[in-house]
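S.K.: Here you go, one structure.
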Amino acid sequence: MWKFILRRFLVMIPQLFLLSLIVFMMAKAMPGDALSGQELNPKANPAELERIREELGLNDPWYQQYARWAGNAVQGDFGISYTHKTPVMDVIEDRLWNTVFLALVTLIFTYMLAIPLGILSGRYNDTWIDKSVTGYSYLGFGTPIFIFALIMLFIFGFALDWFPSGGSVDSKVEEGTFAYVVSKINHLILPALSTALIATTSTIQYLRNEIIDNKIKDFVRTARSKGVPESNVYSRHILRNSFLPIAAFLGYEITGLIGGSVIIETIFSYPGLGQLFLSSVSLRDFSVVTAIVMMTGFATLLGTLLSDIILSAVDPRIRIE
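Following the UniProt record's numbering, the numbering of the sequence shown begins with 1 at its first residue and continues without gaps.
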């Protein structure tokens with residue numbers, strides 16, 4: 001197992017290099033630069049803007065800019081945000097934990113809903129329970145997340161006023177207090193639940209199909225022929241094997257929620273990485289854009305590794321060496 005993990009980390013090095021090159025070139029291909037917007041200001045001095053460009057190295061050849069950026073990025077330095085006038089990592093750090101907390105709460109809600117529904121649908125397939133759960137899954141598959149999130153925001157954020165309609169914490173509470181923690185959780189529930197109700201549909205279908213397939217396998221028939229109680233057949237034989245694909249996708253689920261939070265954070269005005277990414281693109285803040293994409297790409301590679309490790313840990317018969 002340790003040899004496999006080491007090999008995977010070594011393979012990640014050229015993958016990260018290629019990702020960084022693609023991200024940097026795509027950022028440079030965007031029209032204009034961080035100072036382009038200031039040129040529209042009638043009070044702006046073109047000579048002064050050109051001097052700043054030269055000072056920041058924006059006029060250097062792309063390969064020199066990439067080498068300078070990549071060398072600093074390896075050390076954890078992604079430069080200075082042109083918009084916020086502070087180090088990029090300081091800007092990202094303020095938003096990173098908000099996105100991480102949102103992803104974790106969403107994941108908890110997703111599995112709290114998906115696992116019981118998937119088990120019920122698979123165990124009692126072709127019954128009214130299965131048809132109800134399957135109908136919910138099809139409805140979730142066909143509903144765009146941004147439309148569903150807007151409906152949830154209107155109903156529970158504005159009409160019923162059960163949850164805050166934006167932000168990550170109440171500005172009136174003091175940081176570090178119990179009221180601050182309660183406010184944080186209260187701001188997380190609505191966006192996390194809105195995402196989970198849509199994201200849960202794929203997990204339900206995976207689990208349902210695995211249970212139905214495993215119910216007719218030879219090892220299940222053998223267990224029943226030996227007189228094993230039906231509850232033990234489901235818990236030790238059917239469910240254990242049915243959870244393998246769910247466990248394998250755990251790493252992808254975590255990184256996917258972190259990287260795919262742009263829509264939810266924008267709709268709920270939640271100050272996370274997704275909202276920061278959109279605003280940085282519109283403001284041509286290349287330093288922040290490239291840093292966020294690189295961090296998301298690195299998290300995706302780690303999620304892939306985590307999924308393989310979890311899969312081999314859940315089933316001792318599977319050992320990736």
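Virtual Cβ for every residue (Gly too), placed ideally from N, Cα, C.
Does DSSP put isoleucine 80 in a helix, a strand or coil?
M.R.: Strand at isoleucine 80.
S.K.: CA-CA distance, tryptophan 162 and glycine 118?
M.R.: Approximately 29 angstroms between the Cα atoms of the pair.
S.K.: Under 9 angstroms, do residue 333 and leucine 153 count as touching if we go by C-beta distance?
M.R.: As displayed, the chain neither begins before 1 nor continues past 321, which places residue 333 out of reach and without an answer.
S.K.: What residue range does the alpha helix (DSSP H) around tyrosine 124 cover?
M.R.: Element bounds for tyrosine 124: n/a, residue is neither H nor E.
S.K.: Could you check the C-alpha separation between aspartate 77 and methionine 89 for me, to the nearest Å?
M.R.: Roughly 7 angstroms between the two C-alpha positions.
S.K.: May I ask you to verify whether the region 98-115 touches the region 292-300, counting CB pairs closer than 8 angstroms and requiring at least 3?
M.R.: No contact exists between the region 98-115 and the region 292-300.
S.K.: Could you have a look at proline 14 and say whether DSSP puts it in helix, strand or coil?
M.R.: Proline 14 falls in the helix class under three-state DSSP.
S.K.: Let's test the definition: count the other Cβ atoms within 10 Å of the Cβ of tyrosine 234 and tell me whether it reaches 16, buried, or not, exposed.
M.R.: That one is buried.
S.K.: Around the C-beta of glutamate 253, are 16 or more other C-beta atoms found within 10 angstroms, so that it is buried, or is it exposed?
M.R.: Buried is the call here.
S.K.: Determine whether the beta carbon atoms of leucine 102 and isoleucine 264 lie at a separation below 9 angstroms.
M.R.: Against a cut-off of 9 angstroms, the Cβ pair of isoleucine 264 and leucine 102 comes out as a contact.
S.K.: When DSSP builds the beta bridges, which residues end up paired with proline 87?
M.R.: Partner(s): Ile80.
S.K.: Could you pull out every unbroken alpha helix (DSSP H) segment of at least 4 residues lying fully inside the region 205-242, listed in chain order?
M.R.: Here the runs fully enclosed are 218-225, 239-242.
S.K.: Look up tyrosine 270 in the DSSP assignment and say whether it is helix, strand or coil.
M.R.: Tyrosine 270 falls in the coil class under three-state DSSP.
S.K.: From the DSSP output, in three-state form, read off lysine 172 for me.
M.R.: Lysine 172 falls in the coil class under three-state DSSP.
S.K.: Leaving aside the five residues before and after valine 91 along the sequence, list all residues of the same chain whose C-beta is less than 8 angstroms from its C-beta, in chain order.
M.R.: Counting only Cβ-Cβ distances below 8 angstroms, and skipping sequence neighbours, we find Ser81, His84, Leu276, Val288.
S.K.: Is it true that the region 137-147 meets the region 216-234, where meeting means three or more beta-carbon pairs spaced less than 8 angstroms apart?
M.R.: No: fewer than three Cβ pairs fall under 8 angstroms.
S.K.: Report the option in Leu239, Ile198, Thr200, Lys184 whose CA atom is closest to the CA atom of isoleucine 211.
M.R.: Nearest C-alpha to isoleucine 211: Leu239.
S.K.: CA-CA distance, valine 100 and aspartate 218?
M.R.: Distance between the alpha carbons of valine 100 and aspartate 218: 42 angstroms.
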